[in-house]
Structures are given as C-alpha cells and as structure tokens.
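2 protein chains.
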Amino acid sequence: MTEKVLKPFTIDFDLITGYSQAKNSTKRPLSKMKGMYADDVAFDSAIQNDDPLVYEFYELDLPETPGNLLFGTSIVYPGKVGDEYFMTKGHFHTILDTGEVYYCLSGYGAMLMENPEGDWDIQYFSPGKAVYVPPRYAHRSINLGNETLVTFFTFRADAGHDYGTIETKGYRKLVVERDGKPEIIDNPKWKE
Amino acid sequence: MTEKVLKPFTIDFDLITGYSQAKNSTKRPLSKMKGMYADDVAFDSAIQNDDPLVYEFYELDLPETPGNLLFGTSIVYPGKVGDEYFMTKGHFHTILDTGEVYYCLSGYGAMLMENPEGDWDIQYFSPGKAVYVPPRYAHRSINLGNETLVTFFTFRADAGHDYGTIETKGYRKLVVERDGKPEIIDNPKWKE
Ligand SMILES: [Mn+2]
Ligand SMILES: [Mn+2]
Numbered sequence: 001m002t003e004k005v006l007k008p009f010t011i012d013f014d015l016i017t018g019y020s021q022a023k024n025s026t027k028r029p030l031s032k033m034k035g036m037y038a039d040d041v042a043f044d045s046a047i048q049n050d051d052p053l054v055y056e057f058y059e060l061d062l063p064e065t066p067g068n069l070l071f072g073t074s075i076v077y078p079g080k081v082g083d084e085y086f087m088t089k090g091h092f093h094t095i096l097d098t099g100e101v102y103y104c105l106s107g108y109g110a111m112l113m114e115n116p117e118g119d120w121d122i123q124y125f126s127p128g129k130a131v132y133v134p135p136r137y138a139h140r141s142i143n144l145g146n147e148t149l150v151t152f153f154t155f156r157a158d159a160g161h162d163y164g165t166i167e168t169k170g171y172r173k174l175v176v177e178r179d180g181k182p183e184i185i186d187n188p189k190w191k192e
Numbered sequence: 001m002t003e004k005v006l007k008p009f010t011i012d013f014d015l016i017t018g019y020s021q022a023k024n025s026t027k028r029p030l031s032k033m034k035g036m037y038a039d040d041v042a043f044d045s046a047i048q049n050d051d052p053l054v055y056e057f058y059e060l061d062l063p064e065t066p067g068n069l070l071f072g073t074s075i076v077y078p079g080k081v082g083d084e085y086f087m088t089k090g091h092f093h094t095i096l097d098t099g100e101v102y103y104c105l106s107g108y109g110a111m112l113m114e115n116p117e118g119d120w121d122i123q124y125f126s127p128g129k130a131v132y133v134p135p136r137y138a139h140r141s142i143n144l145g146n147e148t149l150v151t152f153f154t155f156r157a158d159a160g161h162d163y164g165t166i167e168t169k170g171y172r173k174l175v176v177e178r179d180g181k182p183e184i185i186d187n188p189k190w191k192e
C-alpha cells in the first residue's frame, strides 16, 4: 500500500451557482491580479473604486498524491477591465504533464490555453460543455457573458499550481471586447 | 516530455439527461449482469421478458497515461431485480491506488464502496452532490429513486477497470427495498 487509507465522502456544489454549503471558497478580488490585465489605467481605477470580486473557487484538503483527485467549482463573475473580460489568473501545473477537466454548469465563457512549446488554443464554455485541458497546457477561464460562469473541475491531487510563470511572462493571447463581441488579440505585455 | 502532445477539446454532456450528442455510449442491458443480483429467478424472468437497459456510460479515447484524465457521464435507469435496485457492475481500478470523482447531475441514488482491507461505505447522490471514491475502493452506482440517476465522473486515464474481482466474489453488501425504502443487507452470495 503506497497511500494512507482515505475514507469516502460527499460534498455539495450547487449545480447553478457553484456554491458549496460545506466549505469556504478562496476569493480573488481584482487587486490580487496586478499586472495581469492589459489596461493598467482601467485596472488602477477599478481597484480604487470598488475592487470587484473577479472569481472564487474551492480547494479541498486531500493528500496530494498521484492517486487522489482534487475537485470543486470555479466561479468567474461577469465584468471587464477596460475592454478585457474578467478571467482567472491562469496557471501551469507544477507537474506539467497532468491534465484537467472543466465541466460547465452555467454561464458562457472560454478556456484559454497555451503550452511551453508555443501552441495555444481556446475552447468555449456553455452549460453542459466539458473542456479537456491536456497535460502541459496553462489554463485560464474567461467570462464572456453577462452571467456568472460556473465550472466543475477535477485534477490530480499532486499536480500543483505554478502561477509564477504566467505572472512573469503573461499569456500570448488576450480576449477583449470589440464591437460588442469577444476577439482574440496578441498580448502587448507578453514576454518570450 | 514524457507524453505525446494531446490537443484541447470540448465534448457535450447534457446536464439533466447526461447524454452526449458527440459520442455513442456503452450500454449494459440486464443480460450482461448475470449472477450480480441476489434473486436469480427474478433475474431470469426479467431478461426473458424484455432484458431492460440497466445503465449506460461514455468512454473517451485518450492516451491511457497517468497524466491524462478520463471523464463522462454514467446513466443508471430506475428499476429493480426482485427487491434489489438497478445498479452498475461495479469495479476496482486495476491501479488500485487511484480514486474517482462522481458529481450528481440528476436523480437519487448511492455509491456503494468496499476496499480489499474489508472496509465498506455508502454515500448518497442527489443533484449537486459530489462523491469522492478514494483510492482502493471498488465502486458501484445504485439508483434508489424513480428517475434516472445521472453522474459526471473523472478518473486517471491509466487507472484501468478490474470487473473480474466483483464478478467472482460479489460485493459484501446489497441495497434492497424493504417497506418501500432502501435497506443495506449482507450479500448472501458474497465469498471471502
Ligand atoms: Mn489547473
Ligand atoms: Mn472507476
């Protein structure tokens, strides 16, 4: 036996709102995302104004072994910073060769992905769509609609989160509103 | 790089019915479950009558590596064989030390679990309840209601399915209807 015996359990996540009654979520107000949006003026103005809650998610406390899975909901609120849609920080997994599943429960949005080899990809969320983030891809959820974007995610418990690479280099691509519609553009702040 | 690069993709699973428009499901009519229900007379009579579809589920075709995840929906129909509720075959993972997440989308039921060390457990499904099957536990979904039980599952792509142990030994416990309610009893067919 390579792992301590863990007992079965149940936890609730509302199928529409994503909220759990059993746990507190981790919350990301805009002020925790300095430098991640293209428009610094709009960013500073927004955090001085009301510092909106951009997203929240649940983190389970399970043994971080390759045989366990972590899961929960991610809840991204509607909004923009300048013309850039509200999004999560995005991260690589520390164990790069591990994937993740996101199943959309409500709202409309996208998963923006890129890997160290230079490939990037976008997949769209609407209720009932499951997006597979394969091993090696950094992933960021983006709310492209007027309602809250709620997804149920699962990943290997030992995968780990590497936020630093994205914080330092940024993403290759941004999703901004142009003529009322989402458009994918090159990130002017991106560093090779 | 230890794995071939796999591209991101999206697949639909209806949030109520569990059905995908993109794929065909794997179907388990009652005739494929010989010996798994306690009441052999009721079993033989049911398969000679209309051989009802007990459950179906989706199997993705991804590389079966430790870094990938397989996911989809499991759909268990309401019904009984004698007084025993419709259920899945149940299985251990071939790589025993791997867990699985089941998130209930609709219906009412249970996940019956047992491990080789002799521990058993039951957790209940209703919409919005996520059940964690820890490493080492065989798992079987049981429909305890009058509607279809639909869950969204995720597990490690290399975990593998060991159906044989359950087919040979059975489960320690059964869930049967007594006075209109589910009751957990010892399985008379169970072999140590
Ligand atoms: Mn992740
Ligand atoms: Mn399984």
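So the protein sequences, as listed, match chains A and B.
The first sequence runs 1 to 192 under the UniProt record's numbering.
The second sequence runs 1 to 192 under the UniProt record's numbering.
Just so it is clear, CB atoms sit at the ideal spot from N, CA and C, and this is done for glycine as well.
request  = Alpha carbon to alpha carbon, how far is LEU149(B) from ILE184(A)? Give it in angstroms, no decimals.
outcome  = Along the first sequence, read from residue 1 onward, the residue named residue 184(A) stands at position 184. Along the second sequence, read from residue 1 onward, the residue named residue 149(B) stands at position 149. Taking the straight line from one Cα to the other gives about 40 Å.
key: Contacting residues, own chain, Cβ-Cβ under 6 Å from VAL175(B) (five flanking each side not counted)   = The residue labelled residue 175(B) in the question sits at position 175 within the second sequence. Closer than 6 Å at Cβ, skipping near neighbours: TYR85, ILE142, PRO182, ILE184.
ask   = Would you say HIS161(B) touches ligand 1, meaning its beta carbon is less than 7 Å from a heavy atom?
value = Within the second sequence, residue 161(B) is the residue found at index 161, counting from 1. Checking the Cβ of HIS161(B) against ligand 1 gives no.
query = With 16 other CB atoms within 10 Å as the buried threshold, where does THR2(B) fall?
reply = As a first step, residue 2(B) is located in the second sequence; it is residue number 2 there, counting from the start. Confidence at THR2(B) is low in this model, with a pLDDT of 48, below 50, so its placement is unreliable and the value that follows should be read with caution. So THR2(B) ends up on the exposed side.
request  = Measure from the alpha carbon of residue 211(B) to the alpha carbon of each residue in ALA46(B), ASP39(B), LEU53(B), LYS34(B), then state which is nearest.
outcome  = The displayed coordinates of chain B run from 1 to 192. Any statement about residue 211(B) would go beyond what the structure contains.
Sequence-distant residues of its chain with Cβ nearer than 7 Å to GLY18(A) (five each side left out) = The count along the first sequence starts at 1 and reaches residue 18(A) at position 18. The residues are THR73, ILE75, LEU105, VAL150.
request  = Please confirm if LYS129(A) has its CB atom under 8 Å from at least one CB of chain B.
outcome  = As a working mapping, residue 129(A) is identified with position 129 in the first sequence. By this cut-off, LYS129(A) is an interface position.
key: the segment 38-55 of chain A in contact with the segment 106-119 of chain A per 3-pair CB rule at 8 Å   = no
query = Nearest-angstrom Cα distance between residue 207(A) and VAL81(B)?
reply = In the structure displayed, chain A extends from 1 to 192; residue 207(A) sits before or after that span and is not available.
ask   = Out of curiosity, what's the CA-to-CA distance linking PHE155(B) and TYR102(B)?
value = Working through the second sequence from its first residue, we reach residue 155(B) at position 155. Working through the second sequence from its first residue, we reach residue 102(B) at position 102. When rounded, the distance between both Cα atoms is 9 Å.
Anticipated Cβ contact below 8 Å, THR98(A) with GLY67(B), distance rounded = Within the first sequence, numbered from 1, the residue matching residue 98(A) stands at position 98. Within the second sequence, numbered from 1, the residue matching residue 67(B) stands at position 67. Contact flag correct, Cβ pair sits at about 5 Å.
request  = Rounded to whole angstroms, what's the CA-CA distance from ILE47(B) to PRO135(B)? Just pull it up for me.
outcome  = Translated into positions along the second sequence, residue 47(B) becomes position 47. Translated into positions along the second sequence, residue 135(B) becomes position 135. Going by the C-alpha atoms only, they are around 34 Å apart.
query = Any idea what DSSP makes of GLU3(B), helix, strand or coil?
reply = To locate residue 3(B), count along the second sequence from 1; it is residue 3. Low per-residue confidence applies at GLU3(B): pLDDT is 47, beneath 50, and the placement is therefore not dependable, though the value from the model is reported in the following sentence. Note: GLU3(B) maps to coil in three-state DSSP.
key: Chain-ordered chain A contacts of ASN68(B) [CB-CB under 8 Å]   = Taking the second sequence and counting its residues from 1, the one referred to as residue 68(B) is at position 68. Near ASN68(B) (Cβ distances below 8 Å), the residues of chain A are GLY99, PRO134, PRO135.
query = To the nearest angstrom, how far is it from the Cα of GLY109(B) to the Cα of GLY145(B)?
reply = Translated into positions along the second sequence, residue 109(B) becomes position 109. Translated into positions along the second sequence, residue 145(B) becomes position 145. GLY109(B) and GLY145(B): Cα-Cα distance of roughly 6 Å.
ask   = What's the call for GLY171(B), buried or exposed, on a 16-neighbour Cβ count within 10 Å?
value = As a working mapping, residue 171(B) is identified with position 171 in the second sequence. The question names Gly, yet the displayed sequence has Tyr at residue 171(B). Burial call: buried.
task = Name the two residues that bound the continuous beta strand (DSSP E) containing ASN146(B).
result = Indexing the second sequence from 1 puts residue 146(B) at position 146. ASN146(B) -> no beta strand (DSSP E), and no H or E assigned at all.
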